[in-house]
Every structure is written in C-alpha cells, then in structure tokens.
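**Student:**
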Amino acid sequence: MITMGIDVGSITAKAALIKDGKLLSTKVIITGYNAKNAGETVFEKILTEAGLNPSQIRGIVATGYGRNSVTFAGKSITEITCHAAGANFLNPAVRSVIDIGGQDSKAIVLDEAGKVKDFAMNDKCAAGTGRFLEVMARALEVDINDFGSISLTADNPAKISSLCTVFAESEVISLIAKGEERRNIIAGIHESIGSRVAAMAGRLGLASPVMMTGGVAKNIGVVKALEVKTGKPIEVSEMAQLTGAIGAALMAMTL
Amino acid sequence: MTSDARTPDPEKEKRKIKSAKKMKEIMTSYYIEAKTAEQTGKKVAWITSGGPVEPLLVMDIIPVYPENHGAMIGASKMGVDLCEKSEQMGYSRDLCSYARADIACSPVNGGPIGGLPKPDMLICCNNICGTVLKWYEVQARYYKVPLFILDTPFCHTEFSDEARKYVRKQVDEYIRFLETVCGKRCDFDRMAEVGKLSVTGQRLWQEVLDTAAHKPAPLSAFDAFFHLALIVTLRGTQTVIDYYTGLLEEMKERIRSGIGAVENEKYRLLWDNLPVWYRTKWLSEKFSSHDACLVADTYTSAWCGSLKYIDENDFLGTMAEGYSRIYLNIGVDEMAETVIDMVDKYDADGVVMHSNRSCKPYSLGQYDIQRIVQEKRKVPTLMIEADMVDERSFSESQIETRIDAFMEVLKAR
C-alpha cells in the first residue's frame with residue numbers, strides 16, 4: 005500500500021510517499037504565490053520521479069497552512085498532528101517536537117504512544133519563524149543557507165531584543181551601522197529565536213528526547229541556540245523539513 | 065434530493081432560538097428611547113458595563129453602555145474603520161478597541177446606530193478595568209458633562225471591612241451626585257424595588273446559562289453572547305425578568321425535545337474572555353463542524369457571578385461588595401477556581417481561551433489560569449490570539465489551524 009502526504013507550507017511545499025510503512029520518496033518545491041498549484045505540482049513531481057501513477061496511491065492527506073487548498077486530498081490534518089506522527093516515525097522515543105516553519109513555530113508534547121498531548125504555537129507575530137530569518141538574511145546580504153555555519157564562528161553574539169520582525173530588522177541595521185560583525189549579528193538573531201521559542205516551549209514543559217522539525221531545523225545555529233535556551237539536547241533528522249509530509253502520509257494509511 | 069436556497073434549512077430552523085426576535089425588539093425600542101431622550105426630556109447617563117446601574121433607574125435616567133455599543137460596532141464589522149479613526153486622533157493602537165471605537169464615534173456619530181445619544185453625565189466604575197478611567201475622562205471633556213467615578217478596590221483574596229466601608233461611602237456619594245445632576249431626591253423605596261428586580265434578573269440569567277449543563281446544551285456561549293445584552297443594559301427592570309423567564313422556558317422546552325445548540329454535540333468546551341464580535345458566526349460554525357459546542361463562558365456569567373454577595377433585601381447596603389467582587393476584579397487564583405467550577409458544572413472537555421489584545425485585565429492571568437486548570441482537571445486548553453473589535457488582530461488561517469489541531473487532540477483522547 006502506498007500513501008502520500010502533502011505539506012503545503014508558506015515557503016515550501018513538500019510531499020512524501022510511504023510504502024508498507026517505509027519512506028519511499030520525498031520532494032520539496034517552492035510554494036510561491038498559489039498554494040493550490042504548489043500542491044498539484046509537488047504531487048505530480050513526486051509521482052513522476054518515483055515512476056508511479058495516481059491510481060497507485062491509496063490515500064492522500066494534506067497538511068500545512070495550505071492544506072485546505074489541496075482539494076484532491078482525502079483529508080486535511082493540521083501540522084501539529086502530522087509533525088507529531090512524522091517525528092514518531094523518525095524516532096519513536098521522541099517526546100517533544102519543536103517545529104519552526106516559514107510562518108509559525110510550535111512546540112508539541114507527545115505521549116508514550118506518540119500522540120499529541122499538548123501543543124503551543126507562536127503568537128501572530130512572525131518573529132522567531134523562517135520568514136524572520138529570511139528578512140534578516142536580506143538585511144545582512146547573506147545566503148540563508150550559510151546562516152548556521154557563520155553563526156557558529158561568532159565570538160560575541162549581539163543582543164537583539166525587539167519582539168517584532170520589523171523592529172528587529174531596524175535593530176540589525178543599526179548594529180550593521182555600528183560596525184558589528186555579521187557573524188555576531190547572525191548569532192544574536194539565532195539567540196533571539198531560541199529565547200522566544202524556548203519561552204513558548206517552556207510553558208508546555210518539554211519532555212526529552214526533543215526533536216526539531218521544519219525547514220528552520222536545517223540551520224544549525226538555531227538548533228544550538230535552542231539547546232542552550234531550553235537546556236536540553238535537540239536531535240535533528242535529515243528529514244526535518246519533510247516531517248509534516250511524512251506524518252501526513254502515515255495518517256493517510258488510516259483513511 | 066433537491067435543495068432550494070430560498071427554503072430555510074429545517075435543521076437550522078429547528079435550532080434557532082425563537083425568543084431572539086423579541087430580544088431584538090426590546091433592544092431596538094431601548095435604543096429608540098435613549099436616542100429620543102432629548103425630545104422626551106429624560107436624562108441619559110453613559111455607564112461602564114460593570115457599573116451600578118440601579119440608582120440610575122431609580123432616578124429615571126436612561127443608562128447607555130458604550131461597551132454594548134462597542135460590541136455592536138464589532139459585530140457590524142465597523143471596528144477597524146473607527147479604530148483607525150481614533151488612531152488618527154492620536155490614540156495608541158495598544159488601547160482597548162471598545163475605547164478607541166467609542167471615542168472615534170463621538171465626533172462623527174459613526175457606528176451601526178449613528179452614535180450613542182449625547183450623555184448628561186458619565187458613570188465610571190473601575191471594577192472591570194483601569195482604561196475606563198481615562199476613557200470616561202476623555203468623554204467627559206468632549207461632552208462637557210459631569211463624571212462620577214466609583215472606585216472598587218481590587219479584591220486579591222478577600223473583601224476587607226475597610227474596602228466595604230470605602231465603597232459603601234461612595235455609593236452614598238453616587239446617589240448625592242445623581243440627586244444634584246437631576247435636581248430631585250432619591251426615592252429609597254423605589255431603590256429597594258429596583259434592587260430586587262436586579263437580583264431577580266441576575267438569578268434568571270444564571271438559570272438560563274445553567275440550562276447548558278444539560279447534554280446536549282440547549283444554548284451555546286454564542287447564544288449567550290447575544291442574549292447577554294439585556295442583563296447588561298436593562299438590569300433592574302421588569303423587562304429583563306419577563307424576557308429571561310420566556311427564554312428560560314424556551315430552553316427547558318428545548319431540553320424536553322432534545323434540541324441542542326449544535327447538531328451532534330460530542331465535545332463540550334468552555335470559552336474564556338470576551339467574544340470575537342466580528343467572527344462569532346465563523347467561530348460558531350468552526351466549532352460546530354467539529355461537533356463541538358461552547359457550552360459556557362466566563363464572560364456572560366460575569367453578570368451574575370457575584371450574586372452570592374448581594375442581599376436582595378438590602379441591595380443598597382450589599383451592592384458595594386457585589387460590584388467589587390466581579391470576575392475581573394479578583395485574583396488569578398479565584399478566577400482559576402471559577403473556571404474549574406465551570407468545567408465541573410458544565411462537564412467541559414476542554415477550555416478555549418481568547419487572549420484578547422484589547423482587554424488586559426481579562427487576558428493578563430490566562431497563562432496561569434490555563435496551567436492551574438490543566439493541573440487540576442487535566443482538560444486540554446487552547447489559547448487563541450485576537451481582539452474583540454479590531455479585526456486587524458485576527459488571523460484566520462492561524463486561528464483555524466489552532467482550533468483544528470486542538471480538536472484533533474480532543475478527538476484522539
């Protein structure tokens with residue numbers, strides 16, 4: 005039995021195929037302007053690459069902020085449930101998940117069976133999300149993929165205290181004007197995300213082991229900052245960005 | 065099966081509360097009376113929602129509630145325009161949206177009823193928040209009318225004798241203020257009657273809310289948000305008693321006929337904080353789509369929550385305590401106890417908390433209340449961030465995800 009999970013996020017759309025309980029294939033594309041098109045495109049691409057046709061797919065679950073625009077999915081399930089299922093698949097021992105995606109961040113506590121026990125999400129503000137990092141990368145003229153490695157070389161992380169993306173950007177710009185080094189600014193940005201997300205996760209009471217999922221988990225600087233702020237080691241799977249899609253594909257098995 | 069858009073859905077019709085039509089008529093005539101007060105020679109007082117309205121009725125003054133007006137502005141989706149107007153006038157976006165909408169309404173007679181009637185006096189009781197002090201001062205300057213402030217000390221854990229004396233003394237000052245403004249004496253026999261009517265009205269409102277303890281609940285918090293207007297605006301009149309007597313009978317009839325507010329009620333939830341006035345329909349449908357009914361809320365029950373402190377045979381003597389110990393003027397521990405009692409009474413499966421950007425006293429202790437309720441009753445709680453009137457603080461996709469995820473958690477339990 006083959007099932008598919010489609011995770012249409014605000015920045016990227018992801019798809020995963022699960023065959024007989026094993027991960028068969030994955031695909032990531034840029035969501036762009038039209039969430040509906042992104043869902044269709046990632047669906048077609050993953051099938052083409054896997055050499056499958058739509059009739060071979062037993063069930064499809066859509067997740068992510070664009071989940072309701074994936075009209076061909078059998079069901080839409082929120083990212084919270086899907087990330088929990090995906091994390092449980094990647095490592096059944098995991099008891100907490102921190103997911104930082106393009107437009108929101110969340111902390112999820114799992115029970116022994118890997119089901120969601122409780123969750124918390126960021127407030128409306130974009131600070132502490134992938135979009136926040138993108139804004140900062142633009143202000144600093146640095147490729148976002150280099151953020152993690154650059155921040156690890158910092159010797160004195162700058163202090164970014166603003167609670168708002170727009171204000172934090174002006175803070176970063178004034179740090180640049182003062183001649184603060186890029187690596188220290190970037191490390192400061194990661195620390196500010198770490199503090200914010202750790203505060204949210206702290207309310208839930210994070211249980212170990214903790215796994216970080218979502219696209220921002222690719223940024224080692226954020227992961228390290230979160231480890232410091234939460235005081236817990238955090239594991240990151242190579243499949244971090246695909247966790248939601250994998251979870252959705254697993255949920256599709258029960259459709 | 066054919067469907068005709070013009071034919072009302074019988075399922076929906078069945079669930080409609082029939083009394084609502086009467087309620088709309090009452091509110092309409094109330095506002096007409098208030099708006100024509102100048103012609104009829106009656107005086108109008110603007111008063112805060114938690115303020116002691118009974119002495120106004122005794123003095124034949126028409127009470128008008130800027131907060132009820134604020135709710136109407138929110139429900140008519142006119143909040144953003146008025147909030148922006150107030151910001152142009154120089155008020156911060158961080159201020160309460162009721163205050164902003166009301167202040168902006170005055171110079172332009174804006175809002176769904178073309179503004180409130182001009183006040184002859186303002187009565188401000190700070191048992192609900194501190195914002196009302198500055199808000200009413202602003203309006204007193206604008207309308208050049210006298211302002212009476214009734215200061216209710218915050219009841220952290222108890223209501224001390226000093227506090228009782230302090231508030232009781234102000235009640236006397238309040239009556240003297242009204243006598244001066246109206247140029248006539250207060251009729252204390254009438255005061256006792258109005259006090260009794262007020263208590264009877266509050267008891268009936270509590271009884272109406274209590275019917276939701278039945279499964280399925282005959283009314284939801286969304287219905288309560290609507291029917292609340294009477295206990296707020298006409299408390300102390302026979303009209304309230306007559307209306308709620310009818311509403312209570314209708315609720316009992318619904319219980320007998322097994323009619324629930326939500327078609328397939330499977331999950332029973334509690335709501336905390338003010339409604340999101342411009343999204344009540346959306347939220348109601350969202351929860352219904354998950355077979356969830358908001359069976360009770362801390363907001364509408366705030367207008368009968370301090371009944372236990374009031375002696376109907378000594379209204380004037382006990383109202384100081386009754387008006388001081390309302391839900392928003394007590395410590396977080398007591399608020400949490402209230403929520404826990406409601407979880408038990410209504411057998412709620414979860415609690416939905418609206419973190420309301422406008423209402424600081426309501427939203428301040430919510431994380432603590434959430435933690436206490438989760439520890440003591442092990443029911444899941446959901447926090448959603450919005451604002452009661454200012455739609456700019458509402459993000460549909462984020463709130464939808466939170467509600468959907470919360471319901472997934474509840475269903476998986």
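Respectively, the protein sequence lines represent chains A and B. Counting with the working numbering, you get residues 5 to 259 for the letters of the first sequence. Counting with the working numbering, you get residues 65 to 477 for the letters of the second sequence. Every residue, glycine too, gets a C-beta built ideally from N, C-alpha and C.
Apply the 10 Å Cβ neighbour rule to B/Thr66 and answer buried if 16 or more other Cβ atoms are within range, or exposed otherwise.
**Tutor:** Low per-residue confidence applies at B/Thr66: pLDDT is 47, beneath 50, and the placement is therefore not dependable enough to give any value.
**Student:** Under three-state DSSP, which class holds B/Ile305?
**Tutor:** In this structure, B/Ile305 counts as helix in the three-state DSSP scheme.
**Student:** Is it true that the stretch 248 to 259 of chain B meets the stretch 392 to 407 of chain B, where meeting means three or more beta-carbon pairs spaced less than 8 Å apart?
**Tutor:** No contact exists between the stretch 248 to 259 of chain B and the stretch 392 to 407 of chain B.
**Student:** Using a Cβ-Cβ cutoff of less than 6 Å, which residues in the same chain neighbour B/Lys330 once the five nearest sequence positions on both sides are dropped?
**Tutor:** Counting only Cβ-Cβ distances below 6 Å, and skipping sequence neighbours, we find Asp355.
**Student:** Taking 8 Å as the cut-off, does the stretch 214 to 224 of chain A touch the stretch 147 to 159 of chain A (at least 3 CB pairs, one atom from each stretch)?
**Tutor:** Contact holds: three or more Cβ-Cβ distances are below 8 Å.
**Student:** Measure the Cβ-Cβ separation of B/Cys357 and B/Gly324 and say whether it is below 8 Å.
**Tutor:** Yes, these two residues count as a Cβ contact at 8 Å.
**Student:** So which residues on chain A does B/Val396 lean against when the C-beta distance must stay under 7 Å?
**Tutor:** Correct list: empty, because the minimum Cβ distance to chain A is about 15 Å.
**Student:** Note down, one range per segment and in chain order, each beta strand (DSSP E) of at least 3 residues found wholly within the stretch 414 to 467 of chain B.
**Tutor:** DSSP runs (the beta strand (DSSP E)) wholly in the stretch 414 to 467 of chain B: 414 to 420, 445 to 450.
**Student:** If you drop the 5 nearest sequence neighbours on each side, which residues of the same chain put their C-beta closer than 7 Å to that of A/Leu21?
**Tutor:** Ile6, Met8, Leu28, Ser29, Ile50, Ala54, Ala253.
**Student:** By the 9 Å beta-carbon criterion, what residues does the stretch 274 to 287 of chain B contribute toward chain A?
**Tutor:** Residues passing the 9 Å Cβ filter: none.
**Student:** I'd like to know if B/Gln302 contacts chain A, where contact means its C-beta is closer than 8 Å to some C-beta of that chain.
**Tutor:** Judged by the 8 Å Cβ criterion, B/Gln302 is not in contact with chain A.
**Student:** Who are the Cβ neighbours of B/Glu314 in its own chain at under 7 Å, not counting the five residues just before and after it?
**Tutor:** So the qualifying residues of the chain are Ile81, Lys82, Ser83.
**Student:** Within its chain, find whatever has a CB closer than 6 Å to the CB of B/Cys246; leave out the 5 residues flanking it on each side and keep chain order.
**Tutor:** Excluding sequence neighbours, B/Cys246 sits near Met123.
**Student:** Hey, out of B/Val144, B/Asn328, B/Ala98, whose CA is closest to B/Ser353's CA?
**Tutor:** It is B/Asn328.
**Student:** I'd like to check one pair, A/Met215 with A/Asn95: are the Cβ atoms closer than 8 Å?
**Tutor:** Cβ atoms of A/Asn95 and A/Met215: closer than 8 Å.
**Student:** Kindly list, in the order they appear in chain B, the residues whose Cβ is closer than 8 Å to that of A/Glu83.
**Tutor:** Under the 8 Å cutoff, chain B gives Thr465, Ala469.
**Student:** From B/Ser93 to B/Arg332, what distance separates their C-alpha atoms?
**Tutor:** Taking the straight line from one Cα to the other gives about 35 Å.
**Student:** Rank B/Ala204, B/Gly300, B/Asn337, B/Thr216 by C-alpha distance to the C-alpha of B/Met185 and give the top, closest one.
**Tutor:** Closest by alpha carbon: B/Ala204.
**Student:** With distances taken from CA atoms, which of B/Asp413, B/Tyr387, B/Val453, B/Phe470 is nearest B/Glu118?
**Tutor:** Ranking B/Asp413, B/Tyr387, B/Val453, B/Phe470 by Cα distance to B/Glu118 puts B/Tyr387 first.
**Student:** So, under 8 Å CB-CB, B/Arg232 and B/Ala384 are touching, yes? Tell me the CB distance rounded to an integer number of Å.
**Tutor:** Confirmed, about 5 Å.
**Student:** In its own chain, which residues sit with a C-beta less than 7 Å from the C-beta of A/Asp108, not counting the 5 before and 5 after it?
**Tutor:** Closer than 7 Å at the Cβ level, and outside the excluded window around A/Asp108, lie Met125, Asn126, Thr133.
**Student:** What residues of chain A sit near B/Glu243, judged by a beta carbon separation below 8 Å?
**Tutor:** Simply none; closest approach about 49 Å.
**Student:** Along the chain, where does the beta strand (DSSP E) that runs through A/Arg62 open and close?
**Tutor:** Run containing A/Arg62: 61 to 67, per the beta strand (DSSP E) assignment.
**Student:** Taking 8 Å as the CB-CB cut-off, is A/Lys18 touching chain B?
**Tutor:** No, its Cβ sits nowhere closer than 8 Å to a Cβ of chain B.
**Student:** Can the beta-carbon of B/Gly114 be found less than 8 Å from the beta-carbon of B/Ile390?
**Tutor:** Their beta carbons are under 8 Å apart, which means B/Gly114 touches B/Ile390 by this criterion.
**Student:** With 8 Å set as the bound, which would you pick, yes or no: does the beta-carbon of A/Ser37 sit closer than that to a beta-carbon of chain B?
**Tutor:** Sequence inspection shows Tyr at residue 37 of chain A; the Ser mentioned does not correspond to that position. So, not an interface residue.
**Student:** Hey, does A/Arg207 have any beta-carbon neighbour from chain B nearer than 8 Å?
**Tutor:** Cβ-Cβ to chain B under 8 Å: yes for A/Arg207.
**Student:** Three or more C-beta pairs under 8 Å: does that hold for the stretch 184 to 197 of chain A against the stretch 155 to 163 of chain A?
**Tutor:** With the cut-off at 8 Å, the stretch 184 to 197 of chain A and the stretch 155 to 163 of chain A touch.
**Student:** For a cutoff of 8 Å on Cβ pairs, would you count A/Phe123 as touching chain B?
**Tutor:** With 8 Å as the cut-off, A/Phe123 counts as an interface residue toward chain B.
**Student:** Listed from N- to C-terminal order along the chain, which residues in the stretch 102 to 116 of chain A have their beta-carbon within a distance smaller than 7 Å of any beta-carbon of chain B?
**Tutor:** So the list reads Asp108, given in the order they occur along the chain.
**Student:** Once you ignore the five residues that flank B/Gly414 on each side, which residues in its own chain have a CB closer than 6 Å to its CB?
**Tutor:** Closer than 6 Å at the Cβ level, and outside the excluded window around B/Gly414, lie Leu333, Val443, Pro444, Leu474.
**Student:** For a cutoff of 8 Å on Cβ pairs, would you count B/Gln462 as touching chain A?
**Tutor:** Interface residue, yes.
**Student:** Could you tell me the boundaries of the beta strand (DSSP E) in which B/Pro130 lies?
**Tutor:** It is not in any beta strand (DSSP E) - B/Pro130 instead sits in the alpha helix (DSSP H) that spans 130 to 139.
**Student:** A/Leu259: buried (16+ other C-beta within 10 angstroms of its C-beta) or exposed?
**Tutor:** So A/Leu259 counts as exposed.
**Student:** Just verifying my parser: in three-state terms, what is the DSSP assignment at B/Cys246?
**Tutor:** Helix, per DSSP.
**Student:** Hey, quick one: how far does the beta strand (DSSP E) through B/Cys189 stretch, first residue to last?
**Tutor:** 185 to 189 is the extent of the beta strand (DSSP E) around B/Cys189.
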